[in-house]
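Number of protein chains: 2
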Amino acid sequence: MSDFPKAVTINEEGPREGFQIEPGPIPTSRKIDLIDALASTGLRQIQTVSFVPPANVPGMADADAVVAGIERRPGVSYTALWLNERGLLRALASRKLDVFGTIGLCPSPGFLMRNQKRTPEQNHEAQRKILQMYRNNDVPVRRGGLMAAFGCNFEGDIPVSRVVDMVGQLLALAQEAETALDYVSLADTMAWATPASIQRVVGEVRNRYPDLRLSLHLHDTRGMGIANAYAGLQMGVDMFDAAVAGLGGCPFAGHRGAAGNVCTEDLVFLCDEMGIHTGIDLDRLIEAAALAEDIVGHPLPGSVKTGGTLRKYRQARREAA
Amino acid sequence: MSDFPKAVTINEEGPREGFQIEPGPIPTSRKIDLIDALASTGLRQIQTVSFVPPANVPGMADADAVVAGIERRPGVSYTALWLNERGLLRALASRKLDVFGTIGLCPSPGFLMRNQKRTPEQNHEAQRKILQMYRNNDVPVRRGGLMAAFGCNFEGDIPVSRVVDMVGQLLALAQEAETALDYVSLADTMAWATPASIQRVVGEVRNRYPDLRLSLHLHDTRGMGIANAYAGLQMGVDMFDAAVAGLGGCPFAGHRGAAGNVCTEDLVFLCDEMGIHTGIDLDRLIEAAALAEDIVGHPLPGSVKTGGTLRKYRQARREAA
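Line by line, the protein sequences are chains V and H.
In this text, residue positions in the first sequence follow UniProt numbering: the first is 1, and each later residue adds one.
In this text, residue positions in the second sequence follow UniProt numbering: the first is 1, and each later residue adds one.
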């Protein structure tokens with residue numbers, strides 16, 4: 001009936017997502033507090049900041065100071081985002097980040113034009129230049145990403161065959177640059193996925209590229225996030241992006257205030273209960289979720305931080321026995 | 001890989017759940033508005049009120065007036081809850097409700113004692129008396145229910161074999177009273193279920209009673225509600241309780257304000273996207289969810305009412321083509 005992985009890797013994107021989208025100014029020290037708290041949970045990969053022009057994203061103006069202030073924990077990979085060489089150089093200059101390259105394509109030309117002002121051909125060329133930039137800076141390329149892989153507000157449903165083709169194009173771009181991707185991330189950028197489409201798309205990509213590691217980036221805007229993660233787990237997917245407490249929101253939803261990324265602690269709860277190893281201490285992660293909520297100053301969408309875990313009930317039961 | 005049903009029946013419990021748990025007094029006319037709005041969506045079963053002593057549940061003091069005010073729609077089954085013959089007689093006196101009997105057992109003796117102050121033996125006897133009460137009042141018995149079928153705050157994990165046995169006990173009680181149950185509802189009363197336990201429990205019950213129709217009552221307190229519904233659908237379950245906008249809350253969660261019942265419009269969105277017929281107009285249902293939120297005066301937990309459906313994007317795409 002299923003092909004569940006024994007263990008999953010969760011890439012925590014809450015700090016970057018949250019600091020980027022939250023309207024209020026968040027003190028640098030509190031950003032550092034959250035990243036340090038997350039690093040103490042057992043998470044092995046944390047996306048900390050975006051190195052983007054402060055004029056575009058005021059909440060990231062202190063990105064260098066945030067990274068400088070992190071108390072690095074061994075075994076944790078601290079990552080960041082950037083959009084150009086200037087940003088990449090800031091990441092490299094920090095000397096505290098795990099700097100690796102990403103290339104990205106998009107099966108929705110409409111979204112690509114709105115989001116990045118490029119045609120598919122222009123985007124292909126841009127990825128070649130990005131690969132060259134990584135080569136020039138001696139940065140390994142690890143990740144390929146497909147945005148809007150499950151549907152798009154501007155293009156509607158995306159044919160699965162196009163997604164499969166584009167995974168092939170990512171692999172070909174990497175090969176052309178004499179490198180190889182560690183994994184390909186399929187992003188449900190605008191929350192179109194359901195468990196059925198997760199199964200369909202992951203299944204078709206897997207059929208064509210059986211040895212390729214896949215990662216899922218899921219949005220919970222329509223409440224399908226955990227169900228979609230479950231469908232991914234059923235297909236053997238062992239790598240997920242997630243955001244503590246559901247930090248981040250979704251700029252493409254019908255309404256402001258809609259949930260964004262699938263919530264890390266809800267995903268860890270699911271894995272824990274299914275016996276899938278995450279390496280993460282759920283109680284500590286819930287403390288980090290409470291901290292995130294305190295920092296942003298408003299309720300965040302995650303469920304387990306409010307509903308509680310089952311641990312105390314099981315423990316009380318064992319003690320009574 | 002799966003055994004999805006072609007169509008599902010959703011039993012809307014939002015009005016009863018919401019009016020019962022919301023602290024503020026809700027005007028009778030607004031309760032009626034919500035029930036009438038729900039009846040216009042294509043929902044075929046709506047649980048309207050509880051006939052319980054006003055001293056116990058002040059929000060249900062106007063239950064008779066609410067039912068009297070409903071504008072009945074053909075094809076919609078309006079139901080209610082009661083705890084004793086006095087309540088049943090109120091339901092019968094309304095002459096507007098679809099009155100049918102329910103019996104219930106609980107595989108957690110600890111929860112049974114806390115919730116109903118009965119031992120399992122006493123509860124068995126109580127069900128016999130309830131069956132007799134229905135017989136005396138010429139009321140057909142349709143539904144058997146198991147509370148806490150997936151785990152319990154007071155007993156911890158519940159052995160699947162005990163759930164299977166207890167389903168058998170429900171069937172035997174009905175048979176003993178010379179009646180038969182139309183279906184058995186498995187309730188995740190305290191939100192312990194995950195998709196894995198849904199598959200396990202539903203699978204074992206189905207193995208033992210392959211012809212028995214099963215219904216799921218799922219709580220979303222830990223964010224697993226839709227994933228659990230999906231797991232149920234994968235097992236062929238074709239009947240679900242749900243609450244519009246996620247009305248209801250969960251009195252057993254670790255924190256006040258935790259989500260309760262799985263949200264109707266999120267469940268309908270899931271089914272729509274998977275091609276499973278519900279007979280429900282999702283846009284109208286979202287309007288009813290907005291009305292529910294307006295009536296209670298605070299945000300309710302459902303996602304699709306905030307995130308929006310995909311219909312307008314698909315339509316824009318068709319018009320552009």
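Glycine is no exception: its CB is placed at the ideal position from the N, C-alpha and C atoms.
Quick caveat, the model's predicted, so the values are computed rather than measured.
Requested in this report: Report yes if the CB atom of Val76/V is closer than 8 angstroms to the CB atom of Ala39/V, and no otherwise.
Outcome: Within the first sequence, numbered from 1, the residue matching residue 76/V stands at position 76. Within the first sequence, numbered from 1, the residue matching residue 39/V stands at position 39. Their beta carbons are under 8 angstroms apart, which means Val76/V touches Ala39/V by this criterion.
Requested in this report: Answer with yes or no whether the minimum CB distance from Val268/H to chain V is below 8 angstroms.
Outcome: Here residue 268/H corresponds to residue number 268 of the second sequence, with the count starting at 1. So no, Val268/H is outside the interface.
Query raised in the report: Closest Cβ-Cβ distance between Arg314/H and chain V: below 8 angstroms?
Result: Position 314 of the second sequence, counting from 1, holds the residue named residue 314/H. Yes, contact with chain V.
Query raised in the report: Going along chain V, which residues have a C-beta under 8 angstroms from Ile226/H?
Result: Looking up residue 226/H in the second sequence gives position 226. Within 8 angstroms Cβ-Cβ: Gly223, Met224, Ile226, Ala227.
Query - Rounded C-alpha distance that separates Ile286/V from Glu273/V - result: Locating residue 286/V in the first sequence gives position 286, where the first residue counts as 1. Locating residue 273/V in the first sequence gives position 273, where the first residue counts as 1. Taking the straight line joining both Cα atoms gives about 16 angstroms.
Query raised in the report: Whose C-beta lies closer than 6 angstroms to the C-beta of Arg142/H among residues of the same chain, with five residues either side of it excluded?
Result: Counted from its first residue, the second sequence places residue 142/H at position 142. Closer than 6 angstroms at the Cβ level, and outside the excluded window around Arg142/H, lie Phe100, Asp182.
**Report entry** Residue burial classification, Met1/V (beta-carbon count within 10 angstroms, cutoff 16)
**Finding:** In the first sequence, residue 1/V corresponds to position 1, counting from 1. A caution first: Met1/V carries a pLDDT of 47, below 50, which makes its placement in the model unreliable, though a value can still be read off. Label assigned to Met1/V: exposed.
Query - Residues near Cys271/H by beta carbon distance below 8 angstroms, same chain, minus five either side - result: For the purposes of this step, residue 271/H is taken as the residue at position 271 of the second sequence. Excluding residues within five positions, the ones whose Cβ falls inside 8 angstroms are Val8, Leu233, His277, Thr278.
Query raised in the report: Among the residues of its own chain, which have a CB less than 6 angstroms from the CB of Asp266/V, if the five just before and after it don't count?
Result: For the purposes of this step, residue 266/V is taken as the residue at position 266 of the first sequence. Taken in chain order, the residues that qualify are Ile226, Gly302, Ser303, Val304.
Requested in this report: Would you identify the three-state DSSP class for Met239/H, choosing helix, strand or coil?
Outcome: As a working mapping, residue 239/H is identified with position 239 in the second sequence. Note: Met239/H maps to strand in three-state DSSP.
Query raised in the report: Taking the alpha carbon of Pro58/H as the point to measure from, which residue in Arg90/H, Phe19/H, Val66/H has its own alpha carbon closest?
Result: Translated into the one-based positions of the second sequence, residue 58/H becomes position 58. The residue with the shortest Cα to Cα distance from Pro58/H is Phe19/H.
Query raised in the report: What residues from the segment 205–217 of chain V come within 8 angstroms of chain H, judged by C-beta to C-beta, listed N to C?
Result: none
Report task. At 8 angstroms on the CB atoms, spell out the chain H contacts of Asn153/V, in chain order. Result -> Here residue 153/V refers to the residue found at position 153 when the first sequence is read from its first residue. Near Asn153/V (Cβ distances below 8 angstroms), the residues of chain H are Tyr313.
Requested in this report: Kindly give me the distance between the Cβ atoms of Asp294/H and Glu13/H, rounded to whole angstroms, as I take these residues to be in contact under 8 angstroms.
Outcome: Here residue 294/H corresponds to residue number 294 of the second sequence, with the count starting at 1. Here residue 13/H corresponds to residue number 13 of the second sequence, with the count starting at 1. 19 angstroms between Cβ atoms; not a contact.
Query raised in the report: Taking any Cβ of chain V, which residues in the segment 286–308 of chain H have a Cβ under 9 angstroms from it, in chain order?
Result: Listed by position along the chain: Pro299, Pro301, Gly302, Ser303, Val304, Lys305, Thr306, Gly307, Gly308.
**Report entry** Check whether Leu214/V and Val237/V have beta carbons under 8 angstroms apart
**Finding:** On the first sequence, residue 214/V is found 214 positions in, with the first residue counted as 1. On the first sequence, residue 237/V is found 237 positions in, with the first residue counted as 1. Closer than 8 angstroms, so yes.
Query raised in the report: DSSP three-state call for Asn84/V: helix, strand or coil?
Result: As a working note, residue 84/V is residue 84 in the first sequence. DSSP places Asn84/V in coil when its eight states are reduced to three.
Requested in this report: Please report the residue range of the alpha helix (DSSP H) in which Thr306/V lies.
Outcome: What you label residue 306/V is simply residue 306 of the first sequence in a count that begins at 1. Here the alpha helix (DSSP H) through Thr306/V covers 304–307.
Query - Coarse secondary structure for Cys152/H, derived from DSSP in three states - result: The residue given as residue 152/H occupies position 152 in the second sequence. Of the three classes helix, strand and coil, the one that applies to Cys152/H here is strand, per DSSP.
Query raised in the report: Is the segment 121–136 of chain H in contact with the segment 191–202 of chain H, if contact means three or more CB pairs nearer than 8 angstroms?
Result: Output reads no: the segment 191–202 of chain H does not touch the segment 121–136 of chain H.
**Report entry** Opening and closing residue of the alpha helix (DSSP H) in which Glu204/H lies
**Finding:** Position 204 of the second sequence, counted from the start, is the residue given in the question as residue 204/H. Taken as a continuous stretch (DSSP letters only), the alpha helix (DSSP H) holding Glu204/H covers 195–208.
Query raised in the report: Where does Leu214/H fall in DSSP's three states?
Result: In the second sequence, the residue the question calls residue 214/H occupies position 214. Three-state result, Leu214/H: strand.
Report task. Closer than 8 angstroms, Cβ to Cβ, to anything on chain H: give me those residues from the segment 104–122 of chain V, in chain order. Result -> none
Requested in this report: Drop a sphere of 10 angstroms on the beta-carbon of Pro210/V, count the other beta-carbons inside from all chains shown, and report buried for 16 or more, exposed for fewer.
Outcome: One-based indexing of the first sequence puts residue 210/V at position 210. Exposed, because fewer than 16 other Cβ atoms sit within 10 Å of the Cβ of Pro210/V.
**Report entry** DSSP three-state assignment for Asn56/H, whether helix, strand or coil
**Finding:** Reading the second sequence from its first residue, position 56 is the one you call residue 56/H. It is coil, neither helix nor strand.
Query raised in the report: Pro109/V to Ile32/V, Cα distance in whole Å?
Result: The count along the first sequence starts at 1 and reaches residue 109/V at position 109. The count along the first sequence starts at 1 and reaches residue 32/V at position 32. Those two C-alpha atoms are separated by around 37 angstroms.
Report task. Can you tell me which of the three DSSP states Cys263/H falls into? Result -> Sequence index remark: in the second sequence, residue 263/H carries index 263 (1-based). Correct three-state label for Cys263/H: strand.
**Report entry** Extent of the continuous alpha helix (DSSP H) to which Ser161/H belongs
**Finding:** Against the second sequence, residue 161/H aligns to sequence position 161. Residues 160–176.
**Report entry** Residue from Asp3/H, Lys6/H, Pro15/H with nearest C-alpha to Pro244/H
**Finding:** Reading the second sequence from its first residue, position 244 is the one you call residue 244/H. Per the sequence presented here, residue 244/H reads as Val, with Pro not at that position. When only C-alpha atoms are compared, the closest one is Pro15/H.
Query raised in the report: Under three-state DSSP, which class holds Phe19/H?
Result: The residue given as residue 19/H occupies position 19 in the second sequence. Phe19/H: helix per DSSP, three-state reduction.
Query raised in the report: Which same chain residues, not among the five before or five after Pro107/V, have their C-beta less than 7 angstroms away from its C-beta?
Result: As a first step, residue 107/V must be located in the first sequence, where it is residue number 107. Same-chain partners within the cutoff: Leu146, Ala148, Ala149, Ile158, Arg162, Val163, Met166.
Report task. For Pro195/V, return the contacting residues in chain H, with the cut-off set at a CB-CB distance below 7 angstroms. Result -> Within the first sequence, residue 195/V is the residue found at index 195, counting from 1. One finds Tyr230 in chain H with Cβ atoms closer than 7 angstroms to the Cβ of Pro195/V, taken in chain order.
**Report entry** Terminal residues of the beta strand (DSSP E) in which Ile276/H lies
**Finding:** Translated into the one-based positions of the second sequence, residue 276/H becomes position 276. It is not in any beta strand (DSSP E) - Ile276/H carries neither H nor E in the DSSP assignment.
Query raised in the report: Taking Cβ positions only, does Gly156/H come closer than 8 angstroms to chain V?
Result: Along the second sequence, read from residue 1 onward, the residue named residue 156/H stands at position 156. So, interface residue.
Requested in this report: State the CB to CB distance for the pair Gly260/V and Gly24/V, rounded to an integer number of angstroms; the pair is presumed to be in contact (CB under 8 angstroms).
Outcome: As a first step, residue 260/V is located in the first sequence; it is residue number 260 there, counting from the start. As a first step, residue 24/V is located in the first sequence; it is residue number 24 there, counting from the start. So it is not a contact: roughly 17 angstroms between Cβ atoms.
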